[in-house]
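A short write-up of the structure that comes next.
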Amino acid sequence: MEKYHYKESGLDNVWLVGGFKTEHDEEYGELVYIDDVEGLHKAIAEELLMKKSPLTGAEFKFLRKYCELSQADVANIIQSNEQSVAKWEKAREKAVGNRPAEALFRTFAARVVGGDKMMIGFVTMLNEIHARLGAAMDIEVNHEDGNVWHVEMKAAA
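Residue numbers for the sequence shown, in the numbering used here: 2 to 158.
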């Protein structure tokens, strides 16, 4: 059976067996059509998350992109800095050098890959908190309708 080296994933070791077709175009050369790219990426992400060895920089980057996160977003999630994330990703074949940060990111990514849409809202909240660091904040708590508590952080007056 024909195999296709799926370099477009950003990973050097992904080969497709089935699920694609090729066609020759006079103007553009060989064209490749892949069935269900979203499902393919989810399957790759799930396999990477279950991998028993440390993630490589390329694998970390694949998961970050799958989760639709920037390097700054990941840095906020793992309480690191954007330069560290960029350094890990640049060292494509080397293992991510910070095991606790990798474990935290894998946990977050697993929730996103599993379909937890709340995690994206969590990133937005972390980014807002990061932007407010150093600013005085008040926590306003309202008891709505006598049975529901609603909490909101606001800039101090």
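Virtual Cβ for every residue (Gly too), placed ideally from N, Cα, C.
Give the secondary structure of Lys155 by DSSP, where H, G and I count as helix, E and B as strand, and everything else as coil. Stepping through the sequence shown from its first residue, residue 155 is reached at position 154. In this structure, Lys155 counts as strand in the three-state DSSP scheme.
Top-ranked residue by Cα proximity to Lys91, from Phe109, Tyr67, Phe63 and Glu47: Taking the first residue of the sequence shown as 1, we reach residue 91 at position 90. Comparing alpha-carbon positions, the option among Phe109, Tyr67, Phe63 and Glu47 lying closest to Lys91 turns out to be Phe63.
In the DSSP output, what is Gly30 paired with across the bridge? Position 29 of the sequence shown, counted from the first residue, corresponds to residue 30. Asp26.
Quick check on DSSP: helix, strand or coil for Lys8? Residue mapping note: residue 8 aligns to position 7 of the sequence shown, counting from 1. Correct three-state label for Lys8: helix.
For Trp150, count the other beta carbons within 10 Å of its own beta carbon; 16 or more makes it buried, fewer makes it exposed. Which is it? On the sequence shown, residue 150 is found 149 positions in, with the first residue counted as 1. So Trp150 ends up on the exposed side.
Backbone secondary structure at Val15 - three-state DSSP: Position 14 of the sequence shown, counting from 1, holds the residue named residue 15. Coil.
Which of helix, strand or coil DSSP assigns to Asp74: For the purposes of this step, residue 74 is taken as residue 73 along the sequence shown, with counting starting at 1. Three-state result, Asp74: helix.
Please give me, in chain order, every unbroken run of the alpha helix (DSSP H) with length at least 4 that falls completely inside the stretch 30-72. DSSP runs (the alpha helix (DSSP H)) wholly in the stretch 30-72: 38-51 and 58-67.
Give the DSSP bridge partners of Trp89, in chain order. Numbered from 1 along the sequence shown, position 88 holds the residue referred to as residue 89. The partner list for Trp89 (beta bridge, DSSP) is empty, contrary to what the question assumes.
DSSP-derived helix/strand/coil call for Val124: Sequence index remark: in the sequence shown, residue 124 carries index 123 (1-based). Residue state, collapsed to three classes: helix.
Can you find a CB in chain D that lies within less than 9 Å of the CB of Asn77? This model lacks chain D altogether; it includes just one protein chain.
Report the CB separation of Arg107 from Leu70 in whole angstroms; it is logged as a contact under 8 Å. One-based indexing of the sequence shown puts residue 107 at position 106. One-based indexing of the sequence shown puts residue 70 at position 69. Leu70 and Arg107 do not touch by the CB rule: their CB atoms are close to 13 Å apart, not below 8 Å.
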